[in-house]
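Residue numbers (my numbering): 8 to 272. Virtual Cβ for every residue (Gly too), placed ideally from N, Cα, C. Predicted, not measured: the structure shown is a model, and the values here were computed from it. Before any comments, here is the structure.
Structure representation (structure tokens):
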């Protein structure tokens with residue numbers, strides 16, 4: 008099992024080694040199930056177990072034909088464990104009825120170091136673009152987009168939307184607290200907390216009306232006014248305080264994504 012610093016993976020890593028018969032799917036915390044398939048370009052990374060079933064692992068977004076954007080801490084772990092050939096993706100909103108797609112390659116940012124949190128945490132999964140024909144890639148931000156908004160005081164009241172397939176909020180009662188599960192892709196809104204050169208921090212405190220991300224949501228999108236501004240990196244252990252995200256409006260990220268034919272503003 009990964010340590011908490013590697014992102015929102017710990018709960019699903021354990022699921023990979025357990026030979027269960029169903030996909031251990033989940034959803035965003037304090038959010039809404041995407042039953043209308045609003046976020047059709049958001050998908051899940053699935054890992055095939057030895058018995059042929061699949062485990063939900065991370066989340067990601069289509070950013071160009073055949074290019075699935077996610078987090079380096081997701082792909083690097085799969086590479087480290089030799090699971091590339093067992094890695095698949097799906098864009099189905101419900102994992103109980105998922106159309107599972109094979110992948111061609113995992114590309115972790117070459118400078119990523121799992122011991123340096125919040126650095127180079129961007130990666131892509133490549134697949135046959137014909138398998139997702141008709142899906143519209145997400146819009147990415149121009150370099151410095153969030154800095155421009157902050158300079159205009161435009162982040163203070165901004166509403167961000169996180170999307171993912173990770174676990175639900177914890178429930179308490181009749182035993183130890185447990186994270187809930189749902190097969191649906193889900194989304195939740197969050198408010199701005201703080202920002203640094205590489206990292207965007209969002210509130211997911213339900214007492215403020217915010218939701219957010221949890222285990223299995225790593226690599227998933229955080230949208231602002233329809234623009235994919237950050238990917239989910241990590242957060243607090245109970246998934247009810249802070250959603251920590253890796254910014255996409257940087258020259259470093261643009262340089263990496265430009266290698267794969269991604270349209271960048």
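At least 8 Å separates the beta-carbon of residue 228 from that of residue 147. Here DSSP, grouped into helix, strand and coil, assigns residue 221 to coil. Residue 232 has its alpha-carbon roughly 31 Å from the corresponding atom of residue 62. Straight-line spacing of the CA atoms in residue 75 and residue 159 works out to 32 Å. Sequence-distant partners of residue 168 (beyond 5 residues in either direction) whose C-beta falls short of 6 Å from its own C-beta, in its chain, are 194, 196 and 230.
Three or more beta-carbon pairs separated by less than 8 Å link the stretch 71-86 to the stretch 50-58, which places the two stretches in contact.
Annotation: the continuous alpha helix (DSSP H) that includes residue 262 extends over 258-264. By the Cβ neighbour-count rule, residue 111 is exposed, with fewer than 16 other Cβ atoms within 10 Å of its own. About 13 Å separates the Cβ atoms of residue 48 and residue 77, ruling out a contact at the 8 Å cut-off.
The beta carbon of residue 39 is closer than 8 Å to those of 193, 194 and 195 in its chain, skipping five residues each way along the sequence. By the 16-neighbour rule on beta-carbons within 10 angstroms, residue 211 is buried. CA-to-CA, the gap between residue 206 and residue 263 works out to about 17 Å. A straight line joining the alpha-carbon of residue 152 with that of residue 162 spans about 11 Å. Residue pairing by DSSP places residue 50 opposite 67 in a beta bridge.
Only residues of its own chain outside the window of five on either side were considered, and among them 71 have a CB closer than 6 Å to the CB of residue 268, listed in chain order. If you check the CB distance, residue 114 and residue 130 come in under 8 Å. Judged by their CB atoms, residue 256 and residue 126 are not nearer to each other than the 8 Å cut-off. Residue 203 counts as exposed, since fewer than 16 other beta carbons sit within 10 angstroms of its beta carbon.
Of the other Cβ atoms in all chains shown, fewer than 16 fall within 10 Å of the Cβ of residue 43; this residue is therefore exposed. The straight-line gap separating the alpha-carbon atoms of residue 109 and residue 135 is approximately 8 Å.
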